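So for the sequence shown, this note's numbering puts the first residue at 42; every next one is plus one.
The beta carbon of each residue, even a glycine, is placed where N, CA and C say it ideally should be.
Keep in mind that this is a model prediction, so the values were computed, not measured.
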Amino acid sequence: IFIPIGVVAVIVFLALLFRRVVPPNQVHIVNRAKASCPYGSNQAKGNVYYEWPSWVPKLGVEVLKLPTTIFPIELQGYPAYDQQKVPFTVDVTSFFQIDDAVIAAKRVVSMQDLKEQLREMLEGVVRKILASYPISEIMEIRDSMDEKFVEEVGKYVVKWGVVANQIEFKDIDDDEGSAVITDIKLRKMSEI
């Protein structure tokens, strides 16, 4: 069978145009009509695929790109309450990493969506843990609360194919119109 050189050139050009090599710090979930496959470093299918446009019959794909690196989620000035409903704000920084990209891809449509869902879950965990202590105890044990946060968050993030590497309870401050934290700090300073 004779194939004209022009046709061969077009096929080679299109193959090169749509060929994708996944960077070592990402996993691409390629969704085809009948299956989804992860591509990237240490993936069974390798790290090269063809990203044919989704409108191409039988060949078209949709791709979800997820990082394998650690990414932070921060809560700045997040309003919380203690056991007696005393209002205050906290700053919490958490560090997550995608452990199973296939599970993550089934739960979200984009990396931004994943971050928003993890942020909402983190807010709930922060509220739950802080509401189980009086404010004076929170002020005293705040350095050791990081482990409680990691343990509690770890129970939930498995559903997203994610692991919580570290959560830092950074700062605690008065809510608007409140001076409880300031009073506790002044009392501690006067004791010293």
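Could you give the first and the last residue of the continuous beta strand (DSSP E) run that contains R61?
R60 to V62 is the span of the beta strand (DSSP E), which, as asked, contains R61.
What is the DSSP secondary structure of F54, counted as helix, strand or coil?
F54 sits in a helix when the DSSP states are folded into three classes.
Please determine, among K86, S82 and F137, the residue with the shortest C-alpha to C-alpha distance to A76.
Relative to the Cα of A76, the nearest Cα in the group K86, S82 and F137 belongs to K86.
Buried or exposed for I114, please, with buried defined as at least 16 other CB atoms from any protein chain shown within 10 angstroms of its CB.
Buried is the call here.
Any non-hydrogen atom of the ligand NAP closer than 7 angstroms to V71 Cβ:
For the structure depicted, the ligand NAP is absent and the ligand set is empty, with no information on it obtainable.
Expected contact under 8 angstroms - CB spacing of D187 and E209 to nearest Å:
Between E209 and D187 the Cβ distance is about 6 angstroms, and since that is below 8 angstroms, they are a contact.
Going straight from the alpha carbon of Y119 to that of V62, what length do you get?
Here the alpha carbon of Y119 sits roughly 40 angstroms from the alpha carbon of V62.
Could you pull out every residue in the same chain whose Cβ sits closer than 6 angstroms to the Cβ of F136, ignoring the five residues on either side in sequence?
Result list for F136: I111, P113, N206 and Q207, in chain order.
Whether or not the segment 192-203 and the segment 145-155 are in contact is what I'm after, with contact meaning three or more pairs of Cβ atoms, one per stretch, closer than 8 angstroms; do they touch?
At 8 angstroms Cβ cutoff, the stretches touch.
For D214, the residue or residues it bridges with in DSSP:
Residue pairing from DSSP places D214 in a beta bridge opposite T130.
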